[in-house]
Amino acid sequence: MREVAVASKYEKATYAGLARFINAVCSDDVEEYVRRLTAIVVMGNLDAHLKNWTVRYPDGITARLSPAYDFVSVSAYDEFRTEELAFPVNGGRVARLITLDNFRHLARRAGLEPDHVTDVVVRTVEALLDAWPQVRAGSATPAFVAAHIDQRLKSLPLVVEARR
Numbered sequence: 001m002r003e004v005a006v007a008s009k010y011e012k013a014t015y016a017g018l019a020r021f022i023n024a025v026c027s028d029d030v031e032e033y034v035r036r037l038t039a040i041v042v043m044g045n046l047d048a049h050l051k052n053w054t055v056r057y058p059d060g061i062t063a064r065l066s067p068a069y070d071f072v073s074v075s076a077y078d079e080f081r082t083e084e085l086a087f088p089v090n091g092g093r094v095a096r097l098i099t100l101d102n103f104r105h106l107a108r109r110a111g112l113e114p115d116h117v118t119d120v121v122v123r124t125v126e127a128l129l130d131a132w133p134q135v136r137a138g139s140a141t142p143a144f145v146a147a148h149i150d151q152r153l154k155s156l157p158l159v160v161e162a163r164r
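Under full-length UniProt numbering, think of the first position of the sequence shown as 1, with each following residue one higher.
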C-alpha cells in the first residue's frame, strides 16, 4: 500500500486491518483477499508483507486488488522455520497454529461475516488440495520444497479442520 516506507513493510498492518481496507476500497475483492491469505498460511508464504498487497485502478476510477505475486513457500527454508507470518491473523502469528477460529475473529474485526469468510477458507483449502498434485508434477519446484508443502497439506490444523 502507498505511503508506507519499505522499512515499515512488516510493522504498519495486520491481516484484519488489510481486510478492512480492502472491504472499504474494493469490496468486490474481499473473497480474493481471503483466498490469498488462506494460501499464504497453507503454503507457508511467511514473507507476505505490506508491499505484497496493492490495489490498482484499471479503469482509472475503481480500485481492484492487484494480481498476486511473490507467492513462495519460504517456510521450507531454514531461516523461516519459525513459521512466523509477516502480520498476525487475529493475534496468531505462527502459521502452523492458525485455525478457522483465527479467520472467524479476523472477519469480526474487519466487519465481515464470519461464516462467509470461513466458507471461503474451506473452499480455498479444498481447491489447494485438489490442485497441488498437478502443480507438483508439472513444475520445477525443488524436491525439498515440494516435500515441505506435502507435509503441510497433511498436518496443518487449518487444513485438517477444513477437511472435516
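Think of the CB as a built atom: it goes at the ideal place given N, C-alpha and C, for glycine as much as any other residue.
Annotation: Phe80 is outside any beta strand (DSSP E) and is labelled neither H nor E by DSSP.
Ranked by how close their Cα comes to the Cα of Ser155, the residues Arg20, Leu129, Ala140, Ala13 have Leu129 in first place. Annotated as proximal: Val145 and Ser73, with beta-carbon spacing under 8 Å. Membership of Arg164 in any beta strand (DSSP E) is not indicated, and neither H nor E is assigned to it by DSSP.
For Arg93, no alpha helix (DSSP H) segment is defined; the enclosing uninterrupted segment is the beta strand (DSSP E) at 92 to 94. Distance from the CA atom of Ser139 to the CA atom of Pro133, rounded to whole angstroms, is 10 Å. Of all alpha-carbon atoms in Arg36, Asp70, Val25, Ser66, the one lying nearest the alpha-carbon of Asp47 is that of Asp70.
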